[in-house]
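Worksheet: one structure, shown below.
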Amino acid sequence: MVPQRVSLLTLGARNLPSLRAFYQSLGWEETEFSSDQYAVFKTAGTLLSLFPIAELAKDAGIEISQSTETFHAVTFAINVENREQVDSTIEEIREAGGKILREPSDAFWGGRTAYFADPENNLWELAWNPSSVFDERGAMISF
Numbered sequence: 649m650v651p652q653r654v655s656l657l658t659l660g661a662r663n664l665p666s667l668r669a670f671y672q673s674l675g676w677e678e679t680e681f682s683s684d685q686y687a688v689f690k691t692a693g694t695l696l697s698l699f700p701i702a703e704l705a706k707d708a709g710i711e712i713s714q715s716t717e718t719f720h721a722v723t724f725a726i727n728v729e730n731r732e733q734v735d736s737t738i739e740e741i742r743e744a745g746g747k748i749l750r751e752p753s754d755a756f757w758g759g760r761t762a763y764f765a766d767p768e769n770n771l772w773e774l775a776w777n778p779s780s781v782f783d784e785r786g787a788m789i790s791f
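Residue numbers for the sequence shown follow my numbering, beginning at 649 and rising by one.
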């Protein structure tokens, strides 16, 4: 079974400093993983990250479109416990009719990732991060 979880939400930011300032103005706490090029906020059960939209599209292997009918500037992530789960889970997603955008591959940061789209073209990343920590419910609590 494909793990039923949402562990990390990433918003593609056209203006990262401005978008980051908005979430900071809400009083949201950033994690120690934030940098000048990436912001990660703690939320209940899910981490919310902000990443430049051009870099996000490049990572997924797609082009940015101005049309809202294509890439929505948001990716959802399913993080798994081990490297092999990326490959086996992407096969289950393929069998279920998911559109595979990027086959599983090793990432420059040491993990393994793949990308797929649901029937309405919402973009999902499937990832294994060797430093991820999950709670007893399977929610990612750190990476």
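From the three backbone atoms N, C-alpha and C, an ideal C-beta is built for every residue, glycine too.
| Check | Outcome |
| --- | --- |
| Environment of T679 [buried if 16+ CB atoms lie within 10 Å] | exposed |
| Beta-ladder partner(s) of T658, from DSSP | S697 and T723 |
| Where R653 falls: helix, strand or coil (DSSP) | coil |
| C-beta atoms of A775 and A721 nearer than 8 Å | no |
| Exposure of G660, with buried meaning 16 or more beta-carbon neighbours within 10 Å | buried |
| Sub-8 Å separation of F719 and I710 beta-carbons | yes |
| Cβ pair count under 8 Å reaching 3, the segment 686-697 against the segment 667-675 | yes |
| Same chain only: Cβ atoms within 7 Å of R653, ignoring 5 sequence neighbours per side | I726, G786 and A787 |
| Integer-rounded CB distance, given that L704 should sit under 8 Å from T658 | 7 Å |
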